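Peer 1: Those sequence lines, one after another, are chains E and G. Quick note, in my numbering, the first sequence goes up one by one and the last residue is 393. Quick note, in my numbering, the second sequence goes up one by one and the last residue is 602.
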Amino acid sequence: MADTPDVVIERLLAGEMSAEEQRRLAQSALDDTDLFDTLTAAAVVRSTLSERDRTDAQTAASPSAPLPRPGLWLACSVLAAAATIVLAFVYFRTGSSVPAIPADTTVVESPIASPPVLLTARARPAPTDTFRSDPTSSRFPRRSGTVVTIRDGVAEIDLGALDGMSEGLRVQVLNPDGRSEREQLTITTVFRERSRGRLAENGSTARVGDRVTVSAAVHVKAALEQAAARQTAQDLGAAEALLELAVSTAELRDVSADLRRQARQQLAVFKHRSGELAEAARLLTSAANEFETPPAASSLERAETLNELGVVQIEQRAYPTAERTLRSAESHSSGAAKMRILNNLGALAALGGDRTGAKSLYESAAVLAGDSPELASDREVIEKNLNTLGTHR
Amino acid sequence: MSVFPFSAASSVASEYRKLMIALAARAARIGAHDPESAAQEAIKRSLLNPLSRPAVEYYFRDQSSAGEQPAPEWSLLQLLGWLHGVLRFVVLEERARSRREILTGEDEMPDVVDPADDPLQRAIDAELREIVDEALSTLSVDVRAAVRLRLDGTKYGEIARRLGVNENTVATWLRRGSLELVERTKRRMSASADERLMVRAKVAGASHG
């Protein structure tokens, strides 16, 4: 039986149609103007939404060729998808939102015809098993809730997956005014906005109406998780508010340094993409200042945080500072992270007029990019930067 | 300036007759003065490009002359997105010529479309993004989330798990949402083209009056 139009469009958009099916569809469209227009609209939808993550990070001066890039949308969803940031506005836009140049920096006029493209890793928290439902209709995570029912030693509370509840988690049960702890509740079943847990087997003192609270760390994780979901759903205002919530809660003493760094880094990436460079730099610097606080940051975390900071500093035109930051990032890096950093150092060299140095750095980055399909978009950027050197006027 | 010798041009006309008619209809709607020439030029340029050529041949060569061909690297949607962009660019070139605004020296006219740095092209891209955004915003929150996840490559089961509904519901949302999104985009693209044509007609009328 032939697919109905809605099924055809759905499968086509999802990329699940065989080549032969697509050919038959194309041939049908040649005899049906309306179908041809529908398929063209589908192509526009597909390419517009697939390019969204990349183009959102670009300025208005970014190139936007009609050639769709295969697999880019999928690539954007992996943990460390590469994003590109075109710096054209640094040179060509006057009266833009680029912050004032710090006094101790040097502006280097661009000697190249086209601005280089920078690469950063967009680390995204992996979706977890606890977060369900449509993120844009969800309430924000809460740190405290209430015991709703108690039956046979099992208490139901009004905190759920949205609040970071997970099986085996222990939460505090406090008296209604929240001043004294009665006991611990061990969560056994988690729903979206509520959970059930086991009370002390003997002599439980918990009552309906008692307060329950979760640790600050659980709250931060829940906020970060929901922020990621909201970003995916393009609910950017809520995503920003959640990241702010995560960062402020992460300042509490019982939150580990790695979680605090993670919250700052994610908010910084968001601010960077929004063009709030000074705030992004501040957050990244504060994350870097805690690299040594246990649990100390991994080499990859150091490399990616410093690379992001270096890119922000380039956009602020603080070139000498950016070079120091990127050199430091390079010392911690390997693999894909190193490839991105070398590209950015190449861009910096190009901005300073050192075309030979830039070429060498881009070529080293290209070698690291290899022929891995996951790095195809990075490779494309590096090649573009190399070509830009070649078109020097 | 045509980039094809006469014999190749006539071959395009015969092997891609139906595609030319379909593109000419689109070219007329986006304001081409000579829709058939614009369509022919768009096909020629697509056949010159080593990436788009196999896709054009596979999907759109008239069936009688298609023969057995390997599946191309590009999907149909990638090709249609490309053709849409090339056609727009060709029409822009035509308009620029008709206004005697020289884009570039005649001898330097690009053989293959490269609209990357054209400000008007960027404006149109921005307009298309706005159209898609607007269409997307008319979907309900649940449907919108499902469609975005699906375009992200997420499978039905995972979408169902993440949205807290069963797979049948996800399937319904996706079918309904995808079609609605595409149909709304199509209508808005068409309306937008009509608006531009009306504005041009008014301008032309005023200048003649």
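Note that the Cβ used here is the ideal one computed from N, Cα and C, for glycine as well. Remember, predicted model here, so these are calculated numbers, not experimental data.
(1) Mind checking who residue 189/E pairs with in its DSSP beta bridge?
(2) Please classify residue 151/E: does DSSP put it in a helix, a strand, or coil?
(3) Leaving aside the five residues before and after residue 279/E along the sequence, list all residues of the same chain whose C-beta is less than 6 Å from its C-beta, in chain order.
(4) Mind the definition here: the region 177 to 193 of chain E touches the region 225 to 234 of chain E only if three or more C-beta pairs lie below 8 Å; say whether that holds.
(5) Quick check: residue 216/E and residue 258/E, are their CB atoms within less than 7 Å of each other?
(6) Taking the alpha carbon of residue 49/E as the point to measure from, which residue in 580/G, 537/G, 569/G has its own alpha carbon closest?
(7) At 8 Å on the CB atoms, spell out the chain E contacts of residue 411/G, in chain order.
(8) Quick one: measure Cβ to Cβ for residue 155/E and residue 196/E, integer angstroms, because I've assumed they're closer than 8 Å.
(9) Taking C-alpha atoms, which residue in 180/E, 211/E, 298/E, 162/E lies nearest to residue 145/E?
(10) Under three-state DSSP, which class holds residue 414/G?
(11) Within 6 Å: the Cβ of residue 175/E and any heavy atom of the ligand ZN?
(12) May I have the straight-line CA-CA distance separating residue 15/E from residue 546/G, to the nearest angstrom?
(13) Please classify residue 92/E as buried or exposed, where buried requires at least 16 other C-beta atoms within 10 Å of its C-beta.
(14) What whole-angstrom Cβ distance do residue 284/E and residue 263/E have, given they're in contact under 8 Å?
(15) Kindly indicate the opening and closing residues of the alpha helix (DSSP H) around residue 345/E.
(16) Answer with buried or exposed for residue 426/G, where buried requires no fewer than 16 other C-beta atoms within 10 angstroms of its C-beta.
(17) Please work out which residues of its chain come closer than 7 Å, Cβ to Cβ, to residue 657/G, disregarding the five sequence neighbours upstream and downstream, and give them in chain order.
(18) Tell me the rounded alpha-carbon separation between residue 35/E and residue 530/G.
(19) If you draw a straight line from the alpha carbon of residue 533/G to that of residue 171/E, how long is it in whole angstroms?
(20) Report the three-state DSSP secondary structure of residue 4/E (helix, strand or coil).
(21) Measuring straight from C-alpha to C-alpha, what distance separates residue 497/G and residue 482/G?
(22) Using a Cβ-Cβ cut-off of less than 7 Å, give me the residues of the region 473 to 489 of chain G that come near chain E, in sequence order.
(23) Give a yes or no on contact between the region 463 to 483 of chain G and the region 10 to 24 of chain E, applying the rule of three or more CB pairs nearer than 8 Å.
(24) I'd like to know whether the C-beta of residue 9/E is nearer than 7 Å to at least one C-beta of chain G.
(25) Give the straight-line distance between the Cα atoms of residue 120/E and residue 338/E, rounded to the nearest whole angstrom.
(26) Just to confirm, is the Cβ distance from residue 250/E to residue 260/E under 7 Å?
(27) Label residue 344/E either buried or exposed according to how many other C-beta atoms from any shown protein chain fall within 10 Å of its C-beta, with 16 as the threshold for buried.
(28) Assuming residue 436/E contacts residue 150/E (C-beta within less than 8 Å), just tell me the rounded distance between them.
(29) Give the single residue among 416/G, 581/G, 573/G whose Cα lies nearest to the Cα of residue 13/E.
(30) Which of helix, strand or coil does DSSP assign to residue 184/E?
(31) Would you kindly work out how many angstroms separate the C-alpha atoms of residue 3/E and residue 555/G, rounded to a whole number?
(32) Please specify which runs of the alpha helix (DSSP H), each continuous and at least 4 residues long, are wholly inside the region 253 to 278 of chain E, giving them in chain order.
Peer 2: On the basis of the data shown:
(1) Looking at the DSSP assignment, residue 189/E forms a beta bridge with 196/E.
(2) Taken through DSSP and simplified to helix, strand or coil, residue 151/E comes out as strand.
(3) Closer than 6 Å at Cβ, skipping near neighbours: 271.
(4) As far as the Cβ criterion goes, the region 177 to 193 of chain E does not touch the region 225 to 234 of chain E, which means the pair count is below three.
(5) For residue 216/E and residue 258/E, no; Cβs fall outside 7 Å.
(6) Selected option, being the one with the closest Cα: 537/G.
(7) Counting only Cβ-Cβ distances below 8 Å, residue 411/G has contacts in chain E at 30, 31, in chain order.
(8) Indeed they touch by this definition, with Cβ atoms about 7 Å apart.
(9) Selected option, being the one with the closest Cα: 211/E.
(10) Residue 414/G: helix per DSSP, three-state reduction.
(11) The ligand ZN is not part of the structure shown, which contains no ligands of any sort.
(12) Their Cα atoms are separated by approximately 8 Å.
(13) Below a pLDDT of 50, predicted positions are generally treated as unreliable, and residue 92/E, at 26, falls in that range; the measurement from the model is reported next regardless. Residue 92/E comes out exposed.
(14) Residue 284/E to residue 263/E, Cβ: 12 Å. No contact.
(15) Counting along the chain, the unbroken alpha helix (DSSP H) around residue 345/E starts and ends at 335 to 351.
(16) A residue is called buried when at least 16 other Cβ atoms come within 10 angstroms of its Cβ; residue 426/G does not meet this threshold and is exposed.
(17) For residue 657/G there is no data in the structure shown, the boundaries of chain G being 394 and 602.
(18) Cα to Cα, residue 35/E sits roughly 24 Å from residue 530/G.
(19) Between the alpha carbons of residue 533/G and residue 171/E lies a gap of roughly 36 Å.
(20) Coil, per DSSP.
(21) For residue 497/G, the predicted structure reports a pLDDT of 38, less than 50, and the residue's modelled location is therefore unreliable. A value from the coordinates is still provided. The alpha-carbon atoms of residue 497/G and residue 482/G are separated by roughly 14 Å.
(22) Those would be 473, 474, 475, 477, 478, 479, in chain order.
(23) Here the region 463 to 483 of chain G lies against the region 10 to 24 of chain E, with 3 or more beta-carbon pairs under 8 Å apart.
(24) Residue 9/E counts as touching chain G.
(25) Taking the straight line from one Cα to the other gives about 11 Å.
(26) Contact flag set, yes.
(27) Result: buried.
(28) Since the displayed chain E opens at 1 and closes at 393, residue 436/E lies outside it and no answer follows.
(29) Of the candidates 416/G, 581/G, 573/G, the residue whose Cα lies closest to the Cα of residue 13/E is 573/G.
(30) Three-state result, residue 184/E: strand.
(31) Straight-line Cα distance between these residues: approximately 27 Å.
(32) For the region 253 to 278 of chain E, whole alpha helix (DSSP H) runs of length 4 or above, ordered along the chain, are 257 to 274.
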